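Here's the structure, in structure tokens; my notes come after.
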Amino acid sequence: MYDQIGTSYSLGRQPDPRWQSVITTALGDAQRIVNIGAGGGSYELSDRTVVAIEPSAVMVEQRPLGSAPVVRANAESLPIVGGWADVAMALLSVHHWSDWRAGLMEMRRVAKRRVVLTYDPEFHEQFWLIRDYMPEVAAFERSRVPPVDDIALVLGGNISIVPLAVPWDCLDGVLPAHWRRPTAYLDARVRACCSGLAQADPRVVERGVQALSQDLRSGRWQRRNRGILAAESFDAGFRIVISTED
Ligand SMILES: C[S@@+](CC[C@H](N)C(=O)[O-])C[C@H]1O[C@@H](n2cnc3c(N)ncnc32)[C@H](O)[C@@H]1O
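In this text, residue positions in the sequence shown follow our numbering: the first is 343, and each later residue adds one.
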């Protein structure tokens, strides 16, 4: 699927330094890391041994020169020897897997520490773009994202869950990244970088964008969203699930 929707991914999805810092802490002092659904290599650490797993050729092409070696494979069947890695990480990828339980079990097989960045779709639904302009996207999100608690249950071991707020000027163009910069959503290139919008019914998205554009012109958006304009960050439901074995 990312061979179709991922062509301009790395333009709009740069690693955000504030997210990098939280993710680096979650990875701990791991020396061998498997990055599953690695895409363009965001949040990989250059001072560790990293093996990237990524099925999409279009995404692999966007990995910068000199980035970690990548294997074209799926989470559900990792070409990695059991126990090889100190950490298996999967960032914003689990909701794309055809069998997320099998993928998480593979993470358990290859590493004693597992780090999964996911999101709670109930929080996404409360984000004004979905709530006020494209409510149909909520059903799509719910259909594909496993509940955070279910991910934790399948990962097993000792669990900690770390919230990851979205800074107002987030560099990683996830769907709610522009929560305080509403005009960004009028740009098709911004919308193309997040699968929640890229995979939604284009008529729903177009209708929502037209309504948003009208509300921005009339000042209705500003009146409705006055409360968020001075905020520095927003909890859109992103969660890092960390699972460790003793
Ligand atoms: C939203 S991107 C995230 C990329 C990267 N982890 C990041 O944070 O920028 C999701 C990635 O998961 C990959 N993916 C989809 N299905 C997969 C599967 N079954 N196994 C592993 N990766 C998969 C996609 O090709 C895509 O590169």
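Backbone N, C-alpha and C fix where the C-beta goes; we use that ideal spot for every residue, glycine too. Computed from a prediction, not measured in an experiment: that's the story for all the values here.
Residue i beta carbon near ligand 1 (any heavy atom closer than 6 Å)
{"i": "Met449", "result": "no"}
{"i": "Gly515", "result": "no"}
{"i": "His438", "result": "yes"}
{"i": "Gly379", "result": "yes"}
{"i": "Ala417", "result": "yes"}
{"i": "Pro509", "result": "no"}
{"i": "Ser384", "result": "yes"}
{"i": "Met401", "result": "yes"}
{"i": "Pro477", "result": "no"}
{"i": "Leu433", "result": "yes"}
{"i": "Ser342", "result": "Since the first residue of the chain shown is 343 and the last is 588, residue 342 is not available in this structure."}
For residue i, the nearest candidate out of the options (CA to CA)
{"i": "Asp389", "options": "Asp371, Arg405, Val400 and Ile378", "result": "Asp371"}
{"i": "Ala432", "options": "Gly561, Leu497 and Ser560", "result": "Leu497"}
{"i": "Leu555", "options": "Leu471, Arg450 and Arg581", "result": "The sequence shown places Ser at residue 555, rather than the Leu named in the question. Ranking the options by Cα distance to Ser555, first place goes to Leu471."}
{"i": "Ile493", "options": "Arg450, Tyr385 and Leu571", "result": "Arg450"}
{"i": "Leu407", "options": "Trp439, Cys536 and Gly382", "result": "Gly382"}
{"i": "Val412", "options": "Val392, Pro544 and Ala534", "result": "Val392"}
{"i": "Ile395", "options": "Val436, Ile365 and Trp521", "result": "Val436"}
{"i": "Trp442", "options": "Val487, Ala578 and Arg455", "result": "Val487"}
{"i": "Phe580", "options": "Gly538, Glu418, Ala507 and Ser502", "result": "Ala507"}
{"i": "Ser440", "options": "Gly379, Ile422 and Arg473", "result": "Gly379"}
{"i": "Met343", "options": "Ile570, Arg559, Arg456 and Ala540", "result": "Ala540"}
{"i": "Asp462", "options": "Gln404, Val400 and Ser485", "result": "Ser485"}
{"i": "Glu574", "options": "Asn377, Gly561, Glu386 and His520", "result": "His520"}
{"i": "Glu548", "options": "Ser560, Arg455, Arg562 and Arg533", "result": "Arg533"}
{"i": "Phe623", "options": "Asn500, Tyr527 and Glu467", "result": "For residue 623 there is no data in the structure shown, the boundaries of the chain being 343 and 588."}
{"i": "Val364", "options": "Val457, Glu448 and Ala427", "result": "Val457"}
{"i": "Ala430", "options": "Asp543, Asp588, Thr367 and Val376", "result": "Val376"}
{"i": "Thr460", "options": "Leu387, Asp577 and Gln356", "result": "Asp577"}
{"i": "Ser384", "options": "Pro397, Val551 and Met401", "result": "Met401"}
Beta bridge counterpart(s) of residue i as assigned by DSSP
{"i": "Val585", "result": "It is worth fixing the name first, because residue 585 is Ser in this sequence and not Val. In DSSP, Ser585 forms a bridge with Arg456 and Ile501."}
{"i": "Arg360", "result": "Arg360 pairs with nothing; no bridge assigned."}
{"i": "Met375", "result": "In the sequence under discussion, the amino acid at residue 375 is Ile, which differs from the Met named in the question. Val392 and Val429."}
{"i": "Val508", "result": "Phe576"}
Proximity test, residue i beta-carbon vs ligand 3 heavy atom, cut-off 6 Å
{"i": "Val393", "result": "Of the ligands this structure carries, namely ligand 1, none is ligand 3."}
(message) So within the segment 513-580, which uninterrupted beta strand (DSSP E) runs reach at least 3 residues, ignoring any that extend past its ends?
(response) none
(request) Tell me the start and end of each unbroken alpha helix (DSSP H) in the segment 391-462 that is at least 4 residues and wholly inside, in chain order. (result) 399-403 and 442-452
(message) My parser needs the alpha helix (DSSP H) runs of 4 or more residues fully inside the segment 468-494; what are they?
(response) Counting only unbroken stretches of 4 or more residues, the alpha helix (DSSP H) elements lying wholly within the segment 468-494 are 478-486, in sequence order.
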